[in-house]
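Chemist: Here you go, one structure.
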Amino acid sequence: MTDFMLFLPELFFILGAIVFFIFSLRKKADPAAYHKWAVVIGAVGLLVTVAASRQGGMLFFDCYRVDLFSQVFKVLLALGTIWVIFSSGELKGIDPRQHAEYYFLIFVCTLAMMMLVSSVELLTIYVSIELSSYSLYLLVPMRRKADEFVETGIKYFMVGVTASGLMLFGISLLFGMAHTTYIPQLIQTLPGIISQPATIIGLILALSGFFFKLALFPFHIWAPDVYQGSANQVTTYIATASKMAAAAMIIRFTGLSAGASPGMIKLLIVLSILSMTFGNLVALIQKDIKRLLAYSSIAHAGYMLIGILALSDRGYASAIYYAAAYLVMNYSVFMVIMKLADDGHNLQIKELAGLHKRSPLLALTLMLGLFGLAGIPPTAGFMGKFLVFAAALEKGYLFLVIIGMINATISLYYYLIVIKAAYLLKPVNELPAVQVDFWTRCMCVVLVVMTIYLGVFPDQFVLLTEAAAKTLF
Amino acid sequence: MEMAGFPILTAILSTTILGLLIIIFIPPEKTKLIKQVSLASATVGLVLCIWLYYAYDHQKGGLQFVERILWVKSLGIYWFNGVDGINLPMMLLTSIVLFTAIWTMWELENRVKEFFALIFLLVAGVYGVFMSMDLFWIFVWYDVSLFPMYPLIAIWGGTRKEYGAMKLTLYLLAGSALILPAIIYLWVAGGAHTFDLFELQRIGFSAFDQKMTFIMLYLGFGILAAVWPFHTWSPVGHVAAPTAVSMIHAGVLMKLGAYGILRIGMTLCPAGAQYWSSLMALLACIGIVYGALVGLAQTDLKYVIGYSSVSHMGVVGLGLATMSVNGINGAVFQMFAHGVMTALFFSSVGYIYDRTHTKIIPELGGLSKTMPIASSFFIVAALAGIGVPLMASFWAELLVFIAAVKVFPVGGIAALVGLIISALFMLRVVQRTFYGEKNPKWEHIPDVSGFLAVPRVILMSIILFFGMFPKIMLDVIQSTVIPFVNRF
């Protein structure tokens, strides 16, 4: 019975998936009703996940660990999912006949990622990551006029399977060296064999699967095209919820090499610097806002890695905090995009012109979200960067932190261009005011308050993330 | 947790935040109400600051009106505010400039609500930096005060506003890219458990750490203090900005840079400051001379003031570099005097520009005949800028140069020469703008009305008041600077 309780959030999302599987069998589609169902199921799912957040225990022959770390990420996943579903009311980017499948795949993908953050056995991890990847492979090309964006789906699939292949190879090397696939046992055996090249290669290859998900340089090439080519809602899902799972796994995996391999840390430092610098520099010239956010996500993967590669409790905690802040801020920006592009087209930056007149609330939400991403106080994004840099400096990585800060300054340029469009540019032809319904208004206020609150009163959240990081090993 | 009675510093800070929140909820059409609310909350801030200044006991000295609450436990961040002789004049300056700037902008009609909301956000940051004694909060407030500059210049600005706004924002945030690592570095070196400035001071740092962090802090904050060669954002930004923003920016914001060097850099890294002091003095002297020389060649009134600010901030830098009682006294006093003076400068140029729509010197001319009162404000500010006796900046510059000639004889004399050049160019500007041939185009323009003259008169009288009674301020400053210098 207790085992059943431990698995409750996952079970609930299985239930949600089944409901939409049944809906998808119906001949006549009813998108409005599907949306209501999905919102209710998603909201209850979030409540269930929150209710289960203080549980702990092992399941399935110790392959599956429920601890504070996994539960925090499950709450973030459920939160991201309900937000995406909430914004799917005007799902114009996807054929109405496919809406049931869309929700079905979203629930399956969330389920898979929830399993992912709890898995402590390499094959379970692999199975979970594939389940979530395949859901996304199907979601990405689901967009209307898919023939225009068909390249996107194929590219995502090809790069994704390659990353999976590398990861599987890495896992097999690790198994060969350590004779176990259980992470707790790996932690004990790895320090002895970490100097062996095969172990390092195994670890790096296994990590590359997660780097692919997080869109870290050089595993980023899918991100701009997929962000641009998918329906806005699917992009949002990839940019928010799916990043959480990737961050969680990188934290769990990098910890395996804790303090043992300087070469590995050097590699991570290089990846982090390349990712930040490349993402920010290329983002400078983007015109399509989703592409811009794709490159910014590559840069943010680099910042997050700074915290992780400190390999200390404070570092992992800071990365968790960063992930949570990133979820809130990125969703703020994407929500505004989805609202403005309600016919499902790709929003260009210049289309934001005059937004402050068309809807002051959306403009404010967008601005705070972008300031958050740029790391300007008093937003959650600043606190995230601060914690990450503090953790890295504690280990003495001064130059990494300075490079990170310089990158934050560069990134401010392109965020400011978007803000400038929303607040300063005069639209070419007057556009009508944006109709913002009651629930969206509430959501804007919630997001604004969360962004500021997490930035100004971080005490409780920092304690929570530190407690979560302690349960890791 | 320590709380000494009524948290007056938090109250001063919250006048700006409350003002901001109230303005957000006023409908944008009610511009009059928005201006009244702004002026009212600025007045409350001013009254509280004057009371604070009056109530500060300079016999006792040290940190007073302390508020200290643990904010983030696991990192050791404190909500820690207090005033001493260094930040008290700065608080007073901020409240004066805010009050007069808002009054100066009474005629604003374009996007009034957003303008005043952003001004309050900016000033909240400024107050915050001056009152905080916790490194984390100093940095947070520092950044809060920087980013409203972008919209303030880009929306309401004039000449090349978008370029000026972007340049300024990126320059200043590049500065904070050095400050944040330095602050965290100090936190780590201090055992990674407290951001409390004075606790870190008690812990003390190795010579290497001090040298390293001081140069980062100096360069980071130096950008905002317009230290040569990082000053190029400053004239461009001033020219682009609307009047009130120039006033706050040149009057208060640039002081944040010098204050940061003094408060964080020299407090925590005295050995580092000693090590780098000749560099500081060199850059400051170059700034003084360079600002004066470039100012000579300008034809735009705002550029003239912009470059004279570079020159005057150089005096502050030179004062700090001497690391002596007189030098630092003079530097702090100069920050105050220069703040009031530039506010008056920009305020009077703002009036002229609003009416004539030009600030090009050759196009003006003979203004003292058409608008004698408006001209008199500028002339008083120019005299203060030159450092004529009986003006507040005279005492400040005197103190700095006495100290500088003793510590850096060559640099000190070079700086004095720079000052003479700047006197030359100021007088030339005054002569060509306000005297000489009258331009018939401006004859119909009315002089400053009584209502709009009030903020300028206030600024002018403050310059004269502290010029005649410098002891009132120097006693306060000195009460902190003497023990401060004794630690070196």
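Going down the list, the protein sequences come from chains W and F. The opening position of the first sequence corresponds to residue 24 in our numbering, with each subsequent residue numbered one higher. The opening position of the second sequence corresponds to residue 2 in our numbering, with each subsequent residue numbered one higher. Beta carbons: idealized from backbone N, C-alpha and C, even for Gly.
Suppose you measure from the CA of valine 257 of chain W to the CA of leucine 162 of chain W; what does that come to, to the nearest Å?
Modeler: The alpha-carbon atoms of valine 257 of chain W and leucine 162 of chain W are separated by roughly 7 Å.
Chemist: If contacts are defined as beta-carbon pairs under 8 Å, then valine 48 of chain F and glycine 20 of chain F qualify, I think. What distance do you get, rounded to the angstrom?
Modeler: Their Cβ separation, rounded to whole angstroms, is 14 Å, which puts valine 48 of chain F and glycine 20 of chain F out of contact at 8 Å.
Chemist: Quick check: is the beta carbon of valine 148 of chain F nearer than 8 Å to any beta carbon in chain W?
Modeler: It should be noted that the sequence gives phenylalanine, not valine, for residue 148 of chain F. Closer than 8 Å: yes.
Chemist: Going by the beta-carbon positions, is the gap between arginine 303 of chain F and histidine 232 of chain F smaller than 8 Å?
Modeler: The sequence shown places lysine at residue 303 of chain F, rather than the arginine named in the question. Taking 8 Å as the Cβ cut-off, lysine 303 of chain F and histidine 232 of chain F do not qualify as a contacting pair.
Chemist: Check the Cβ-Cβ distances between threonine 300 of chain W and every residue of chain F, and say whether any is below 8 Å.
Modeler: Chain F, which has no Cβ nearer than 8 Å to the Cβ of threonine 300 of chain W, makes this no.
Chemist: Does glutamate 453 of chain W come out as helix, strand or coil in the three-state DSSP assignment?
Modeler: Reduced to three states, the DSSP call for glutamate 453 of chain W is coil.
Chemist: Apart from the five residues just before and just after aspartate 144 of chain F, which ones in its own chain have a Cβ nearer than 8 Å to its Cβ?
Modeler: Cβ within range, chain order: Gly126, Leu174, Ser177.
Chemist: Take histidine 250 of chain F and list the residues in its own chain whose beta-carbon comes closer than 8 Å to its own, dropping the five residues that flank it on each side.
Modeler: Taken in chain order, the residues that qualify are Met150, Gly238, His239, Ala242.
Chemist: Can you list, in chain order, the residues of the stretch 151–178 of chain F whose Cβ is nearer than 8 Å to any Cβ on chain W?
Modeler: Hits within the stretch, in order: Tyr151, Pro152, Ala155, Ile156, Glu163, Met167, Thr170, Leu171, Leu174, Ala175, Ser177, Ala178.
Chemist: Just to confirm the assignment, what range does the alpha helix (DSSP H) spanning arginine 464 of chain W have?
Modeler: First-last of the alpha helix (DSSP H) with arginine 464 of chain W: 461–479.
Chemist: When you compare each of W:Val107, W:Gly39, W:Arg88 to phenylalanine 127 of chain W by their alpha carbons, which one comes out closest?
Modeler: With distances taken between Cα atoms, phenylalanine 127 of chain W lies closest to W:Gly39.
Chemist: Can you look up glutamate 200 of chain F in the DSSP assignment and give me helix, strand or coil?
Modeler: It is helical.
Chemist: Quick check: the stretch 392–399 of chain W against the stretch 426–446 of chain W, are there 3 or more CB pairs under 8 Å?
Modeler: Result yes; three or more Cβ-Cβ pairs closer than 8 Å.
Chemist: At what residue ranges does the stretch 139–208 of chain W contain a whole run of the beta strand (DSSP E), taking only runs of 3 or more?
Modeler: Whole beta strand (DSSP E) segments, 3+ residues: zero.
Chemist: Any beta carbon from chain W within less than 8 Å of serine 75 of chain F's own beta carbon?
Modeler: Yes, contact with chain W.
Chemist: Can you give me the Cβ contacts of serine 151 of chain W inside the same chain, cut-off strictly under 7 Å, excluding the 5 residues immediately before and after it?
Modeler: Here the set comprises Ala135, Met138, Leu139, Ser142.
Chemist: Cα separation between leucine 82 of chain W and leucine 14 of chain F?
Modeler: About 53 Å.
Chemist: Terminal residues of the continuous beta strand (DSSP E) containing isoleucine 387 of chain F?
Modeler: Here isoleucine 387 of chain F belongs to no beta strand (DSSP E); instead the alpha helix (DSSP H) covers 373–387.
Chemist: Just mark valine 482 of chain F as buried or exposed, buried being the case when its beta carbon has 16 or more other beta carbons within 10 Å.
Modeler: Buried: at least 16 other Cβ atoms inside 10 Å.
Chemist: The alpha helix (DSSP H) with leucine 123 of chain F in it runs from where to where?
Modeler: Start and end: 113–132.
Chemist: Starting from isoleucine 70 of chain F, trace the beta strand (DSSP E) both ways and give me its first and last residue.
Modeler: Start and end: 65–73.
Chemist: What are the residues in the stretch 175–199 of chain F lying within 8 Å of chain W by C-beta distance?
Modeler: Against chain W - using a Cβ distance shorter than 8 Å - the residues of the stretch 175–199 of chain F are Ala175, Ser177, Ala178, Leu179, Leu181, Pro182, Ile185, Tyr186, Trp188, Val189, Ala193.
Chemist: Check whether the Cβ atoms of threonine 434 of chain F and isoleucine 362 of chain F sit closer than 8 Å, and answer yes or no.
Modeler: Yes, they are a contact pair.
Chemist: Leaving out the 5 sequence neighbours to the left and right, which residues in its chain are closer than 6 Å to valine 381 of chain F when beta-carbon positions are compared?
Modeler: The answer, listed in chain order, is Met461.
Chemist: For phenylalanine 199 of chain W, count neighbouring C-beta atoms within 10 Å of its own C-beta (all shown protein chains included) and say buried if the count is 16 or more, exposed if not.
Modeler: According to the sequence displayed, residue 199 of chain W carries glycine and not phenylalanine. Counting Cβ neighbours within 10 Å, glycine 199 of chain W comes out exposed, since fewer than 16 surround it.
Chemist: Tell me, please, whether the stretch 210–222 of chain W touches the stretch 262–275 of chain W by the rule of three or more beta-carbon pairs shorter than 8 Å.
Modeler: No: the two stretches stay apart, fewer than three of their Cβ pairs being nearer than 8 Å.
Chemist: Buried or exposed: threonine 300 of chain F, going by 16 or more other Cβ atoms within 10 Å of its Cβ?
Modeler: Its Cβ having fewer than 16 others within 10 Å, threonine 300 of chain F is exposed.
Chemist: Near valine 95 of chain W, what residues of its chain come up, given a Cβ to Cβ distance below 6 Å and the 5 sequence neighbours on each side ignored?
Modeler: Here the set comprises Ala491.
Chemist: With DSSP run on the structure shown, which of helix, strand or coil describes arginine 457 of chain F?
Modeler: Looking at arginine 457 of chain F - three-state DSSP - the assignment turns out to be helix.
Chemist: Kindly give me the distance between the Cβ atoms of leucine 99 of chain F and glycine 62 of chain F, rounded to whole angstroms, as I take these residues to be in contact under 8 Å.
Modeler: With a Cβ gap of about 27 Å, leucine 99 of chain F and glycine 62 of chain F do not count as contacting.
Chemist: Helix or strand or just coil, what does DSSP make of phenylalanine 148 of chain F?
Modeler: In this structure, phenylalanine 148 of chain F counts as coil in the three-state DSSP scheme.
Chemist: In this structure, does DSSP put tryptophan 245 of chain W in helix, strand or coil?
Modeler: It is helical.
Chemist: Can you tell me whether glycine 80 of chain W is helix, strand or coil according to DSSP?
Modeler: DSSP places glycine 80 of chain W in strand when its eight states are reduced to three.
Chemist: Strictly below 7 Å CB to CB, what residues from chain W border aspartate 355 of chain F?
Modeler: Neighbours of aspartate 355 of chain F on chain W: none; closest Cβ ~22 Å, over 7 Å.
Chemist: Any idea if arginine 49 of chain W is buried or exposed, counting beta-carbon neighbours within 10 angstroms, 16 or more meaning buried?
Modeler: So arginine 49 of chain W counts as exposed.
Chemist: Name, please, each residue of chain F whose Cβ falls closer than 8 Å to the Cβ of glutamate 417 of chain W.
Modeler: Val189, Ala193, listed in chain order.
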